[in-house]
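K.L.:
Chains as they are written, first to last, in this note's numbering: chain A, 23 to 230; chain B, 23 to 230; chain C, 17 to 278. We treat Cβ as the ideally placed atom computed from N, Cα and C, and that holds for glycine. Before I ask anything, here is the structure I am working with.
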């Protein structure tokens, strides 16, 4: 870490009211926000400060963000500076973030998946009409999880979707014929129209 | 940029012996890594420390990460703790990242968001009824910006909406309880009487 | 210029908007006869002439018009047996007031949110993804672990129709022109009568159908009428000597209809 040694000799004792100079605070904020390392030149341009002042501020930050003084450590990497966490916090970070989690379907995803399962092939605009709200993010997640896939285009050019083998496995179904009969949950079982038409009709009635 | 001259001469808060206790360092690292606010309970579980020790560490971090002492400020938001930058670094951040953090809300979006925030869960027809005009495009934008999300269906099948943690984060709220009571904007009885008069007696006044 | 001073020149009303509102609430102007679209168009003209948009006024206008539309649609759905539901002027005013207060409240709340957001301008959060080695592995649930019933249930919920607005109260199909023709012919047989007599105590739909029946009688030459002024009494009698009873008098119904509409 360049520049750090220059600052280490200076001595002023820690004092609770000690303020960090404005330039160092700003550089600290920029390093905090940036995903990629920032070069001294980039920092100088952003802060409109001289390279010398930036070097001094970086030295000060290097001191403050040393492994024993902070959980956020200043690193010099690939010609730039970046903040990283110290390996000593690794165990806690793993407990907090890396716990494997079983993905569950959100209500919006379950609804979208149900529409695809019963009406396939079905296009995104149709799903949106039935649900009354956009289905873009739910469709993206379901595609991502491999439970639905693209199935050609509708006559109007919209991409259509169908369920996958992975979907059948997940729900323990041998085939789509094993999907439960919707009649059990139907509010008006006497209706004869096709399921798709009735779903679209109900969706439009809700939207109006 | 202000502070340049200070930086060149000052080395105030550097003292090699000022070590931050391990727990505070670990919590600092976790808060740095997490994009969402972390509650004291989550931090206690991850660090395997007692809630009391976590509270002490958070208090210490709050002092270190005060706006005048650090460019990385500890904030209590959305039921947890998170690091954010101080507005004083915004000019430099804008130069570096070349885009403002949030665009402002249009009046329609702000009104829709206010109705969702106060009445959640609330459906689009209900929002439209209060506003007198459709809220479709405002709802779509707010969903897109992640400040509201779906929250199931109303008894009539309309999709309902609620605010998100992102909403609390962006608006600097610790919880929804921090929103002032809507009664605060209740017109005074005199103002109400005046409105009522305007509705019923305006014609008379004009005729006389 | 405020919303109250918006000058209107409508078919059933000429004057400022707030006076119209007052008259509607006192039922001196029939909401059913008022073309709300005309009011909206007049407001749009006014906005265009002004060249700028006063948001405060525009919001108030929208809330009031929306409330009037709702009141009007409720009036249109009222049936004979619901006459006691007829909305009192005070009650209608209270409803409008409640709507305006509600709109105001949330407009203020919106302004407050705007201030909060403005106060947070310049506060940024770190959006960086977790280092790869810390990212959690998302496990797919075990095969067969998901219940297909969840899907059927979701579709069942989506099939739910919103509650229908009952149209049973609307009396349209119940009043037949032939019925009203018979009533009018009965009255004619006894001599002259006024239109008000013919429709005393009747609901709006019956009045409309009776008027239609009267036009029909006129067309057939069975009846004639006089109306001295607009909205004045209509005196109905058998055609004076010289008229050809039972034959069609094609040109005659136009001036009469125009007189009624005035």
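Using only alpha-carbon positions, find the residue among C:147, C:221, C:239 that is nearest to residue 119 (chain A).
P.N.:
Locating residue 119 (chain A) in the first chain gives position 97, where the first residue counts as 1. Among C:147, C:221, C:239, the Cα nearest to that of residue 119 (chain A) belongs to C:147.
K.L.:
Are three or more beta carbon pairs between the segment 149-158 of chain A and the segment 121-135 of chain A nearer than 8 angstroms?
P.N.:
In short, these stretches touch, since the Cβ pair count reaches three.
K.L.:
Which of the residues in the segment 82-112 of chain B, read from start to end, lie with their CB under 8 angstroms from any CB of chain A?
P.N.:
Cβ contacts with chain A come from 85, 90, 91, 92, 93, 94, 105, 107, 108, 110, 111.
K.L.:
Use the C-beta contact count for residue 228 (chain C): other C-beta atoms within 10 angstroms, 16 or more gives buried, fewer gives exposed.
P.N.:
Stepping through the third chain from its first residue, residue 228 (chain C) is reached at position 212. With fewer than 16 Cβ atoms within 10 Å of its Cβ, residue 228 (chain C) is classed as exposed.
K.L.:
Nearest to residue 179 (chain A) by CA position, among A:197, A:78, A:144, is which residue?
P.N.:
If you number the first chain from 1, residue 179 (chain A) lands on position 157. When only C-alpha atoms are compared, the closest one is A:144.
K.L.:
Consider the Cβ of residue 189 (chain B): report whether some Cβ of chain A lies at a distance smaller than 8 angstroms.
P.N.:
As a position in the second chain, residue 189 (chain B) is number 167, starting the count at 1. Taking Cβ atoms only, chain A never reaches closer than 8 angstroms to residue 189 (chain B), which makes this a no.
K.L.:
Extract the residue ranges of the alpha helix (DSSP H) inside the segment 34-84 of chain A, only unbroken runs of 4 or more that lie entirely within it.
P.N.:
Runs of the alpha helix (DSSP H) inside the segment 34-84 of chain A: 44-55, 62-69.
K.L.:
Helix, strand or coil for residue 214 (chain B), going by three-state DSSP, please let me know.
P.N.:
As a working mapping, residue 214 (chain B) is identified with position 192 in the second chain. Three-state result, residue 214 (chain B): helix.
K.L.:
Is the segment 104-113 of chain B touching the segment 131-144 of chain C in the sense that three or more CB pairs, one from each, lie closer than 8 angstroms?
P.N.:
In short, these stretches touch, since the Cβ pair count reaches three.
K.L.:
Using alpha carbons as the reference points, say which of B:208, B:213, B:218, B:215 lies closest to residue 118 (chain C).
P.N.:
What you label residue 118 (chain C) is simply residue 102 of the third chain in a count that begins at 1. The option with the nearest alpha carbon to residue 118 (chain C) is B:208.
K.L.:
Report yes if the CB atom of residue 280 (chain C) is closer than 8 angstroms to the CB atom of residue 189 (chain B), and no otherwise.
P.N.:
Nothing in the structure corresponds to residue 280 (chain C), since chain C is present only between 17 and 278.
K.L.:
Would residue 69 (chain B) and residue 99 (chain B) qualify as a contact pair, given that the criterion is a beta-carbon distance under 8 angstroms?
P.N.:
Numbered from its first residue, the second chain carries residue 69 (chain B) at position 47. Numbered from its first residue, the second chain carries residue 99 (chain B) at position 77. Result no, Cβ atoms of residue 69 (chain B) and residue 99 (chain B) do not sit closer than 8 angstroms.
K.L.:
So what does DSSP say about residue 96 (chain B), is it helix, strand or coil?
P.N.:
Here residue 96 (chain B) is taken as the residue at index 74 of the second chain, counted from 1. In this structure, residue 96 (chain B) counts as strand in the three-state DSSP scheme.
K.L.:
Compare the C-alpha of residue 202 (chain C) against each of C:254, C:123, C:30, C:47 and name the closest.
P.N.:
As a first step, residue 202 (chain C) is located in the third chain; it is residue number 186 there, counting from the start. Ranking C:254, C:123, C:30, C:47 by Cα distance to residue 202 (chain C) puts C:254 first.
K.L.:
Is the Cβ of residue 74 (chain B) closer than 8 angstroms to any Cβ of chain A?
P.N.:
Residue 74 (chain B) sits at position 52 when you count from the first residue of the second chain. With 8 angstroms as the cut-off, residue 74 (chain B) does not count as an interface residue toward chain A.
K.L.:
For residue 208 (chain C), which residues from the same chain have a beta carbon less than 7 angstroms from its beta carbon, with the 5 sequence-adjacent residues on both sides left out?
P.N.:
Here residue 208 (chain C) corresponds to residue number 192 of the third chain, with the count starting at 1. These residues qualify, in order along the chain: 251, 252, 253.
K.L.:
Relative to the C-alpha of residue 112 (chain B), which candidate in A:84, A:87, A:51, A:151 has its C-alpha closest?
P.N.:
To locate residue 112 (chain B), count along the second chain from 1; it is residue 90. Nearest option by C-alpha distance: A:51.
K.L.:
Between which two residues does the alpha helix (DSSP H) carrying residue 148 (chain A) extend?
P.N.:
As a first step, residue 148 (chain A) must be located in the first chain, where it is residue number 126. Looking at the DSSP string, the run of the alpha helix (DSSP H) that includes residue 148 (chain A) is 146-153.
K.L.:
Where residue 65 (chain C) and residue 137 (chain A) are concerned, what is the direct C-alpha to C-alpha distance, given to the nearest angstrom?
P.N.:
To locate residue 65 (chain C), count along the third chain from 1; it is residue 49. To locate residue 137 (chain A), count along the first chain from 1; it is residue 115. Roughly 50 angstroms between the two C-alpha positions.
K.L.:
Nearest-angstrom Cα distance between residue 185 (chain C) and residue 140 (chain A)?
P.N.:
One-based indexing of the third chain puts residue 185 (chain C) at position 169. One-based indexing of the first chain puts residue 140 (chain A) at position 118. Bear in mind that a pLDDT of 45 at residue 185 (chain C), under 50, signals an unreliable position, so the number given afterwards is only what the model happens to contain. Cα to Cα, residue 185 (chain C) sits roughly 39 angstroms from residue 140 (chain A).
K.L.:
Would you tell me roughly how many angstroms separate the C-alpha atoms of residue 85 (chain B) and residue 94 (chain B), rounded to the nearest one?
P.N.:
One-based indexing of the second chain puts residue 85 (chain B) at position 63. One-based indexing of the second chain puts residue 94 (chain B) at position 72. Cα to Cα, residue 85 (chain B) sits roughly 11 angstroms from residue 94 (chain B).
K.L.:
Are the CB atoms of residue 191 (chain B) and residue 89 (chain B) within a distance shorter than 8 angstroms?
P.N.:
Translated into the one-based positions of the second chain, residue 89 (chain B) becomes position 67. Translated into the one-based positions of the second chain, residue 191 (chain B) becomes position 169. In this structure, residue 191 (chain B) does not lie closer than 8 angstroms to residue 89 (chain B) by Cβ.
K.L.:
Quick check on the DSSP output: the alpha helix (DSSP H) that includes residue 116 (chain B) runs from which residue to which?
P.N.:
As a position in the second chain, residue 116 (chain B) is number 94, starting the count at 1. That run of the alpha helix (DSSP H) goes 112-119.
K.L.:
Quick one: is residue 192 (chain B) near chain A, going by C-beta distance under 8 angstroms?
P.N.:
Sequence index remark: in the second chain, residue 192 (chain B) carries index 170 (1-based). No, its Cβ sits nowhere closer than 8 angstroms to a Cβ of chain A.
K.L.:
If you drop the 5 nearest sequence neighbours on each side, which residues of the same chain put their C-beta closer than 7 angstroms to that of residue 199 (chain C)?
P.N.:
By 1-based counting over the third chain, the position of residue 199 (chain C) is 183. The residues are 214.
K.L.:
Taking the C-alpha atoms as reference points, what is the distance between residue 99 (chain C) and residue 216 (chain C)?
P.N.:
Along the third chain, one-based indexing puts residue 99 (chain C) at 83. Along the third chain, one-based indexing puts residue 216 (chain C) at 200. Residue placement at residue 99 (chain C) is poorly supported in this model, since its pLDDT is 47, which falls under 50; the coordinates are not used for a value here.
K.L.:
For the beta strand (DSSP E) containing residue 31 (chain C), name the first residue and the last one.
P.N.:
Indexing the third chain from 1 puts residue 31 (chain C) at position 15. It spans 30-32 - the beta strand (DSSP E) in which residue 31 (chain C) sits, taken as one unbroken run.
K.L.:
Note down, in chain order, every chain B residue with its Cβ under 7 angstroms from the Cβ of residue 176 (chain C).
P.N.:
In the third chain, the residue the question calls residue 176 (chain C) occupies position 160. In chain order: 179.
K.L.:
Would you mind reading off the limits of the alpha helix (DSSP H) that contains residue 189 (chain B)?
P.N.:
Along the second chain, read from residue 1 onward, the residue named residue 189 (chain B) stands at position 167. 187-192 is the span of the alpha helix (DSSP H), which, as asked, contains residue 189 (chain B).
K.L.:
Which bits of chain B does residue 122 (chain C) rub up against, with CB to CB less than 8 angstroms?
P.N.:
Along the third chain, one-based indexing puts residue 122 (chain C) at 106. Going along chain B in sequence order, the residues near residue 122 (chain C) (Cβ under 8 angstroms) are 133, 136, 137, 140, 152, 153, 204.
K.L.:
Any Cβ of chain C within less than 8 angstroms of the Cβ of residue 114 (chain A)?
P.N.:
For the purposes of this step, residue 114 (chain A) is taken as residue 92 along the first chain, with counting starting at 1. Chain C, which has no Cβ nearer than 8 angstroms to the Cβ of residue 114 (chain A), makes this no.
K.L.:
At the level of alpha carbons, what is the spacing between residue 96 (chain B) and residue 74 (chain B)?
P.N.:
Start at 1 with the first residue of the second chain, and residue 96 (chain B) comes out as number 74. Start at 1 with the first residue of the second chain, and residue 74 (chain B) comes out as number 52. Approximately 18 angstroms, taken between the alpha carbons.
K.L.:
Taking residue 162 (chain B) as the query, report the chain A residues whose CB atoms sit under 9 angstroms from its CB, ordered along the chain.
P.N.:
Here the question's residue 162 (chain B) lines up with position 140 in the second chain. Ordered by position in chain A, the residues that pass the 9 angstroms Cβ test against residue 162 (chain B) are 155, 156.
K.L.:
Find the nearest neighbour of residue 37 (chain C) within the set C:84, C:25, C:249, judged by alpha-carbon distance.
P.N.:
Walking along the third chain from the start, residue 37 (chain C) turns up at place 21. Residue C:84 is the option with its Cα nearest to residue 37 (chain C).
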